[in-house]
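Have a look at the structure below, then the notes.
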Amino acid sequence: MRRVVNGSLLSQALKSCRRAVLQGPEPFQAHRSIHGRGLEPSLALARVRDLSLSNGGRSRGTLPVIAAGALSFSLSFAVSSLSTVAARELPPYSENFPKELVLYQYAACPFCNKVKAFLDYYDMPYKVVEVNPISKKEIKWSEYKKVPILVVDGEKLGDSSEIISKLYQRISPKEDSTGIERTEEDQWCRWVDHHLVHMLAPNIYRSPSESLESFDYITTTGNFTTFERWTAKYAGAAAMYFISKKLKKRHNITDERAALYDAVETWVKGLNNRSFMGGDRPNLADLAVFGVLRPIRHLQSGHDMLANTSIGPWYDRMETAVGKSSEIRDS
Ligand SMILES: N[C@@H](CCC(=O)N[C@@H](CS)C(=O)NCC(=O)O)C(=O)O
7 MRRVVNGSLL SQALKSCRRA VLQGPEPFQA HRSIHGRGLE PSLALARVRD
57 LSLSNGGRSR GTLPVIAAGA LSFSLSFAVS SLSTVAAREL PPYSENFPKE
107 LVLYQYAACP FCNKVKAFLD YYDMPYKVVE VNPISKKEIK WSEYKKVPIL
157 VVDGEKLGDS SEIISKLYQR ISPKEDSTGI ERTEEDQWCR WVDHHLVHML
207 APNIYRSPSE SLESFDYITT TGNFTTFERW TAKYAGAAAM YFISKKLKKR
257 HNITDERAAL YDAVETWVKG LNNRSFMGGD RPNLADLAVF GVLRPIRHLQ
307 SGHDMLANTS IGPWYDRMET AVGKSSEIRD S
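With the sequence shown counted from 1, adding 6 to any position gets you this note's numbering.
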């Protein structure tokens, strides 16, 4: 219900319609055709977000053509009269949005999740290739051996911050924030890469059971054989348990939970009572912090973090603002 009260629901619909009105159906056609599921132009135009309140989010369901057509007509009218609201609440749409994105990732990797938070927020559809953390055979073709790797219309990009920076430069209109805001945003983005991210491994691989919990995703994600799944889970969990102890030492962490809570409270303090670091909408620093924390949210360390810090309200706002994943899933 909150989405209605704060206007987000309307803005989601406006966003879809604005794209349909400004640009026509190409992006959706392009990404649907990846899977050989061609989309009729009228259907593509009608591919507005599911307005159901029950899921409270950005479902990517397709409304019936007639209803959606009528809706897009009335909302495109609303766009012109409410454009200031839409412009304030929505990430700006750019004609430079890529046509095809493929993300090579580990589902639990904080750097990969940083990139995904960005893509989800900007509503850029992307395909995911889950990389086997033991064999890495899915990225054999790449000289760069880390994830994330994002292939943007055929161009290969590595390193989460580089990827986000390149995509952002490509899609953002002329800078609308001040130098001071940009400096703060950059500083916090660097803080995420140089501090926050180092809190994760010691926490999520803290004990054998937490390490196994962190690798559980591999039993259901990716295109792996059963043997690959179970070796990755148990070998990965064992290796990361020991590696996390080394990382803990390297980053001078004595109590990993206390260090995580401390980092999280540093971020909350940095928000300085703003809804987001970016003010009334997330900026790249908000997206980076959210992206890094999202994969741990439903792990033991994430539950502990929410129970022991004051990050909850911001995290909830970010979940709403970022919305559902834009990942293109094979049906
Ligand atoms: N600076 C890189 C770091 C990426 C990174 O370290 N990724 C890890 C996964 S979380 C990785 O691929 N490690 C190498 C490995 O798994 O062999 C970025 O921001 O993308």
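All residues carry an ideal CB built from backbone N, CA and C; glycine is no exception. No experiment lies behind these values; they were computed from the predicted model shown.
Across the set L305, K275 and G297, the C-alpha of G297 shows the shortest separation from the C-alpha of V328.
About 6 Å separates the beta carbon of Y223 from that of A114, a gap short enough to meet the 8 Å contact definition. For V121, the three-state secondary structure derived from DSSP is helix. Contact annotation: E262 and R303 have beta-carbon atoms that are not nearer than 8 Å. The DSSP-derived three-state label of F103 is coil. F124 has its Cβ no nearer than 7 Å to any heavy atom of ligand 1. A check of alpha carbon separations from S220 across P301, G318, E325 and R256 identifies P301 as the nearest.
Relative to the non-hydrogen atoms of ligand 1, the Cβ of D199 comes within a distance shorter than 7 Å of at least one. As for any alpha helix (DSSP H) of minimum length 4 sitting wholly inside the region 194 to 256, the runs are 206 to 210, 214 to 221 and 232 to 256, ordered along the chain. Only residues of its own chain outside the window of five on either side were considered, and among them F103, P104, L107 and S332 have a CB closer than 7 Å to the CB of M130, listed in chain order.
Short note on F117: C-beta closer than 7 Å to some heavy atom of ligand 1. Between P208 and S250, the C-beta gap is smaller than 8 Å, which places the two residues in contact. Assignment of I317 by DSSP, reduced to helix, strand and coil, places it in the coil class.
Beta-bridge annotation (DSSP): F282 is paired with G285. In terms of Cβ geometry, E216 and Q306 form a close pair [threshold 8 Å]. Put simply, of G276, S141 and A291 the residue whose alpha carbon is nearest the alpha carbon of S171 is A291. Around the beta carbon of P319, a 10 Å sphere encloses fewer than 16 other beta carbons of the protein chains shown; the residue is thus reported as exposed.
In the structure shown, K142 falls within a coil segment according to DSSP collapsed to helix, strand and coil. The alpha-carbon of V135 is positioned some 19 Å away from that of E168. Here the alpha carbons of V121 and A294 stand approximately 8 Å from one another. Closest in alpha carbon position to L206, among W147, F117 and N278, is F117. Put simply, of M311, L253 and G285 the residue whose alpha carbon is nearest the alpha carbon of E271 is M311. Exposed is the label assigned to G285, since fewer than 16 other Cβ atoms lie within 10 Å of its Cβ. G160 is classed as exposed because its beta carbon has fewer than 16 other beta carbons within 10 Å across all chains shown.
S281 and R323 have their C-alpha atoms spaced approximately 8 Å apart. Between V203 and the set K255, A269, I145 and T189, the nearest pair of CA atoms involves A269. Short of 8 Å from the beta carbon of V153, and not among the five residues preceding or following it, lie these beta carbons of its own chain, in chain order: Y110, Q111, Y112, C115, F117, C118, V137 and I145. Looking at the DSSP output, Q111 bridges to E136. Bridge pairing for L163: L156 [DSSP].
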